[in-house]
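A.B. asks: With our numbering applied, the sequence shown has no gaps in its numbers, which climb one by one up to 150 at the end.
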Amino acid sequence: MFDALAQPLRAQIRTGELAPGALLPSESELARVAGTKRYSIRKALFLLRDEGLIEPVPGRGWSVVGHGETTPRALPRYREIAAELRAAIAVGLLAPGSALPSEAELMARHAVSRATVRQALALLDVEGLINTHPGKGRYVRDG
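Structure representation (structure tokens):
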């Protein structure tokens with residue numbers, strides 16, 4: 008959901024419609040236009056910050072980062088975990104119908120919080136790659 012909210016701003020930045028140094032509209036204005044709450048907009052802005060596209064300007068809001076001012080950050084951890092699982096599914100290491108590692112296993116393997124693991128799994132669920140069976144675990148979706 009937050010990625011979908013970030014997408015229009017990401018596109019405006021990449022096409023140059025929002026130039027380096029430009030201030031973004033206020034979080035309140037972005038929320039009003041998107042028809043959502045400020046909290047959701049803030050999470051979307053954090054995604055863009057993590058991608059190295061924007062940075063906070065104390066007392067002023069968010070500014071587009073100029074080319075060469077910073078190096079783009081690596082993918083957020085949840086996206087790295089999702090990418091690893093997606094690749095395992097693609098090459099058949101996790102076959103259709105097979106169980107995914109538990110949240111605890113993924114937390115230990117990647118040294119991340121449960122919330123980070125759940126974000127990665129939610130992303131795969133939205134993409135239609137996995138199913139969740141409450142009390143039983145998560146499985147690779149058949150066909």
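We put the CB at the ideal spot given by N, CA and C, even for glycine.
The structure presented is a predicted model; accordingly, all values stated were derived computationally and were not measured.
Over what stretch of residues does the alpha helix (DSSP H) that includes residue 123 continue unbroken?
C.D. replies: Membership of residue 123 in the alpha helix (DSSP H) is indicated by the continuous run 121-133.
A.B. asks: Per DSSP, which one or two residues make a beta bridge with residue 62?
C.D. replies: 70
A.B. asks: Residue 96 and residue 136: beta carbons closer than 8 Å?
C.D. replies: yes
A.B. asks: In angstroms with no decimal places, state the Cα-to-Cα distance between residue 94 and residue 145.
C.D. replies: Approximately 16 Å, taken between the alpha carbons.
A.B. asks: Closest to residue 130 by C-alpha separation, out of 142, 85, 109 and 149, would be which residue?
C.D. replies: 85
A.B. asks: Grab me the residues of residue 139's own chain with a C-beta within less than 7 Å of its C-beta, minus the 5 sequence neighbours each way, in chain order.
C.D. replies: Result list for residue 139: 132 and 145, in chain order.
A.B. asks: Going by DSSP, what residues sit across from residue 145 in a beta bridge?
C.D. replies: 139
A.B. asks: Rank 23, 9, 115 and 108 by C-alpha distance to the C-alpha of residue 143 and give the top, closest one.
C.D. replies: 108
A.B. asks: Kindly indicate which three-state DSSP category residue 100 falls into: helix, strand or coil?
C.D. replies: coil
A.B. asks: Residue 54: which of 9, 24, 114 and 66 sits nearest, CA to CA?
C.D. replies: 9
A.B. asks: Taking buried to mean at least 16 other C-beta atoms within 10 Å of its own C-beta, is residue 147 buried or exposed?
C.D. replies: buried
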